[in-house]
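Protein sequences appear in the order of chains A and B.
The numbers in the first sequence follow this note's numbering, run straight up by one, and end at 303.
The numbers in the second sequence follow this note's numbering, run straight up by one, and end at 591.
Every residue, glycine too, gets a C-beta built ideally from N, C-alpha and C.
A quick write-up on the structure given underneath.
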Amino acid sequence: MSSRRLTRLARQEEKYMYLFISPWLIGFILFVGGPIVASLFFSFCNYDVVRPPIWTGLRNYLQLVADPLFWQSLKVTALYSIVSVPLNLMVSLAIAILLNQNVQGLTVFRTIFYMPSVISGVAVSLLWMWIFNPEFGIFNSLLWQVFHIQGPGWIMSEKWVLPAFIIMGLWGIGGGIVIYLAGLQGIPTELYEAAEIDGANPWYRFWRITLPMMSPVIFFNLIMGIISSFQIFTQAYVMTGGGPHYASLFYVLYVYRNAFSYFNMGYASALSWILFLIILGLTLIVFKSSPLWVHYEGTSRGR
Amino acid sequence: MEVRKMGHLASKRRIRLFAAIFVYSSLIAISIVILIPVAWMLSTALKEDSEVFLFPPQWIPRVVCWDNFKRALTFLPFGRYFFNTATITFSTLLGELLSSSVVAYGFARLRGRGRDLLFALVLSTMMVPSQVTMIPTFVIFKLLNWVDTFKPLIIPAFFGSAFFIFLLRQFYMTIPVEIDDAAKIDGCTYFGIYSRIMLPLTKPALATVAIFSFMWHWNDFMTPLIYLNSNEKLTLSIALSRFTGMYGMTAWNLLMCASLVVALPCLLLFFFAQKYFIQGIVVTGLKG
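In structure tokens:
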């Protein structure tokens, strides 16, 4: 009898569970699941929103392979990510390690480092446009006054526009620093004390304690970094519009243009599916490689 | 031997001192590098028109032109855009806070078949780039005739956000289950437990969600860019992006004024609610 009572209670609990999560369930169907299926369908169609979609099979995907701007946007985005993601990871880890040295005024430093991430978006893009201004901006002026180097045209130069975006990205790494700092503060100090007694030098302690203990956090930041760097949009839209001569045509900007400037919704859907597959592929590679370099406490995690 | 030991200690102390000098000077140098752009922004904002285009650039304005702010803000219907942005931001904030906390409670505290699978689905939706769902979502709102209204920007928030559901669930999981059990024995309903026990207990987490939601929607650019067209419905981000070139040649001092004003609410929020910012990052960062 008591077991029947339990199942009745359990059934009621289940009913309430579904009731509570129903906003998400409905939202998932309307704004995620449904759109994913629809987007896949559109990617095989010619579709301009006004007229109904026309099935064209693989044509969008074939067109994409032959589209030089597709390859250009892929190249721009990949180049940016290859430099910017590892660079941001290393710099923010280094700064977090500095901050973790029992520093007085930690909150002040942390506040300063995190501040740029708070004013993201258009305001930051405009600020950096002005900083990178080749004639009147502060960047080239400092280069000249401090190093006597004549700075390049930055966002107006095909060659220097990506480095400019990378420098700008570096300014906003505060979020990563805070995550690393939290990770560093979670490493038991006994580990360092024991190593010090054994005569391990700081370098050795970094490689043998800090890095392995931090690997789950690095893993997290790496995945987040890949996902966000492949989705850069606002900076490119506001600062360069993809120029000069497509040198900063980031992938999402190209997707946006196809969808909302040319209303090639089908082609844009195909492009966004390729983006999804790239991000998924990269994430899977990082995940699959993680047993080789990510160290979890109590290693037999998957037992 | 005693002398050698003391010498060893002294050299160790010297190393410590050098290390401290190195750490502090690096941190101060990095802080300066980070603050330069902000200082440059403020300096430009307060300059006279002619002084903006001086070479080499001057750090301290000859005359401090507070008037620039007035000029920048009256050139566009800034008040209107401020109101639009605030309306959208606070409505989405409310929606996300309400539904994400309800949904998170369901996932954290109530058992039922398929729950873990569905939660895995919540997490995996965070991986899907918004570009994939962007086009069909636009088509839906276009069919509903919602384009060029605030509805496409606000209504989806009332269905919860995967990231906040995840964040709040992590917080709920830290609250002992015994509290729920005791309330249940006292005859409290599930909704009562949620509203009378969980909500008050998770105020810090809700603050974190509110702050991040505010910041994201305030700074959001792509969604309003897609859905809003008519001049009087624009948000600050869009208006700001159109500001360049509108004044004839780019008036960088006015542009920096406008950017500062747009960034100000987020900056103020950050300074007053730092604790929750850090908390939010730490919780989501580590349980990732």
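Would R383/B count as contacting chain A if we go by Cβ distances under 7 Å? no
How do the stretch 239-256 of chain A and the stretch 271-279 of chain A stand: do at least 3 beta-carbon pairs fall below 8 Å, yes or no? yes
Give me the Cα-Cα distance between W293/A and M559/B, rounded to the nearest whole angstrom. 45 Å
If distances are taken between C-alpha atoms only, which option among M239/A, D48/A, G183/A comes closest to N100/A? G183/A
Check whether the stretch 467-485 of chain B touches the stretch 405-423 of chain B, taking contact to mean three or more Cβ pairs, one atom from each stretch, closer than 8 Å. yes
Listed by chain order, chain B residues near T111/A by CB distance under 9 Å: F573, F574, Q577
Going by the beta-carbon positions, is the gap between N429/B and F466/B smaller than 7 Å? The residue asked about is misnamed: residue 429/B is Met in this sequence, not Asn. Yes; because the gap between Cβ atoms is below 7 Å, this pair is in contact.
Cβ pair G463/B, G33/A closer than 7 Å: no
Below 7 Å between beta carbons: does that hold for W369/B and W130/A? no
Y192/A to G174/A, Cα distance in whole Å? 26 Å
Indicate whether L397/B and S516/B have their beta-carbon atoms separated by less than 7 Å. no
Between which two residues does the alpha helix (DSSP H) containing L211/A stretch? 211-229
I95/A and I177/A - do their beta-carbons sit closer together than 7 Å? yes
N556/B - partner residues in DSSP beta bridges: Looking at the DSSP assignment, N556/B forms no beta bridge with any residue, so it has no partner.
Assess contact between the stretch 106-126 of chain A and the stretch 538-545 of chain B, defined as three or more Cβ pairs (one per stretch) separated by less than 8 Å. Is contact present? yes
G199/A CB to nearest chain B CB: under 7 Å? no
Taking the beta carbon of R317/B as the centre, do at least 16 other beta carbons fall within 10 Å, making it buried, or is it exposed? exposed
What are the boundary residues of the alpha helix (DSSP H) that includes N100/A? Where N100/A is concerned, there is no enclosing alpha helix (DSSP H), given that its DSSP letter is neither H nor E.
Measuring only the C-alpha atoms, how far is S394/B from L143/A? 45 Å
Can you list, in chain order, the residues of the stretch 277-301 of chain A whose Cβ is nearer than 9 Å to any Cβ on chain B? I279, L280, T283
Where E196/A and F109/A are concerned, what is the direct C-alpha to C-alpha distance, given to the nearest angstrom? 28 Å
Have a look at T553/B and T240/A and give me their C-alpha separation to the nearest angstrom. 15 Å
Would Y16/A pass as an interface residue toward chain B - the criterion being a Cβ-Cβ separation below 7 Å? yes
If L537/B sits next to L531/B, beta carbons under 8 Å apart, how far is it from one beta carbon to the other, in whole angstroms? 6 Å
For W160/A, count the other beta carbons within 10 Å of its own beta carbon; 16 or more makes it buried, fewer makes it exposed. Which is it? buried
Among P202/A, I209/A, V91/A, which has the Cα closest to the Cα of L330/B? V91/A
Rounding to the nearest angstrom, what Cα-Cα distance links L379/B and L25/A in this structure? 41 Å
Helix, strand or coil for C491/B per DSSP? coil
Closest by CA to P360/B, which one among F132/A, I138/A, L9/A? I138/A
Assign H311/B to one of two classes, buried (16 or more other C-beta atoms within 10 Å of its C-beta) or exposed (fewer than that). exposed
Would you kindly report the start and end of the unbroken alpha helix (DSSP H) that includes H520/B? 506-522
First and last residue of the uninterrupted alpha helix (DSSP H) at M168/A: 161-171
Range of the contiguous alpha helix (DSSP H) that encloses D352/B: 352-355
Is there contact here, the stretch 420-434 of chain B with the stretch 478-487 of chain B, by at least three beta-carbon pairs under 8 Å? no
Would you tell me roughly how many angstroms separate the C-alpha atoms of A508/B and W449/B, rounded to the nearest one? 33 Å
Any chance the stretch 492-510 of chain B sits against the stretch 379-391 of chain B, with 3 or more Cβ pairs inside 8 Å? no
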